[in-house]
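J.: For the sequence shown, the working numbering begins at 2 and goes up steadily by one.
Cβ coordinates follow ideal geometry from the N, Cα and C atoms, glycine included.
Note that the structure is a prediction, hence the values are computed from the model and not measured.
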Amino acid sequence: MKKITLFIILILSLYGCEKDDICIDPITPNLIVRFYDITDATILKKITNLQIKNIDIDSIYINNFPTGDSILFPLNINQDITKYVLTLNSTDEVLANSDTISISYTREPIFVSRSCGFKTTFKNISVSVTDDTNNWIQLIETIETPQNVDNESQAHVKILH
2 MKKITLFIIL
12 ILSLYGCEKD
22 DICIDPITPN
32 LIVRFYDITD
42 ATILKKITNL
52 QIKNIDIDSI
62 YINNFPTGDS
72 ILFPLNINQD
82 ITKYVLTLNS
92 TDEVLANSDT
102 ISISYTREPI
112 FVSRSCGFKT
122 TFKNISVSVT
132 DDTNNWIQLI
142 ETIETPQNVD
152 NESQAHVKIL
162 H
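#1: Span of the beta strand (DSSP E) holding G69?
#2: Let me confirm a value: T40 is counted as buried when at least 16 other C-beta atoms fall within 10 Å, else exposed. Which label applies?
#3: Comparing alpha-carbon positions, which option in I53, L89 and Q139 lies nearest T131?
#4: Is I138 helix, strand or coil when you go by DSSP?
#5: Quick one: measure Cβ to Cβ for H157 and Q148, integer angstroms, because I've assumed they're closer than 8 Å.
#6: Going straight from the alpha carbon of I72 to that of T29, what length do you get?
#7: Relative to the C-alpha of E94, which candidate in D57, S154, L51 and I33 has its C-alpha closest?
Structural data, given as structure tokens:
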């Protein structure tokens with residue numbers, strides 16, 4: 002009788018356990034930008050010594066990407082625009098050339114799960130470069146129209162230089 006009672010208590014205690022909530026779903030996606038040659042828009046073109054500065058949070062990233070022809074840009078989930086300064090040849094004071102890009106979008110929060118909370122997707126992406134006398138960025142194109150950023154499976158924007 003003791004064994005049966007102990008067995009029943011053990012079974013009931015196992016049914017009382019809650020499932021652990023672990024967030025394995027994707028998080029807010031980044032904007033993927035790929036760099037192409039302006040003379041032939043089908044050829045990827047590496048960027049060397051690229052410094053990227055997010056104007057909103059005053060943070061600087063240096064191009065340490067293995068391919069050198071693509072970058073992930075985190076977008077601001079609290080505003081409808083994010084601005085970056087991209088400096089080509091940042092290690093050479095004479096050849097350094099900075100361009101400012103503005104990325105505008107519409108934010109859409111999506112509930113993922115109780116453990117993950119919300120993620121933000123970005124709709125109707127528009128990217129532009131501020132004109133100056135010496136732009137190294139010649140053209141910016143979105144891959145699809147309208148461009149939406151809801152995953153990181155492919156590039157979203159092409160920068161030709």
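T.: Result, derived from the coordinates:
#1: Element bounds for G69: n/a, residue is neither H nor E.
#2: With fewer than 16 other Cβ atoms within 10 Å, it is exposed.
#3: Nearest of I53, L89 and Q139 to T131, Cα basis: Q139.
#4: Three-state DSSP puts I138 in coil, outside helix and strand.
#5: The Cβ separation is near 6 Å, so the contact holds.
#6: Cα-Cα distance, rounded: 16 Å.
#7: Comparing C-alpha distances from E94 to each of D57, S154, L51 and I33 shows the shortest one belongs to L51.
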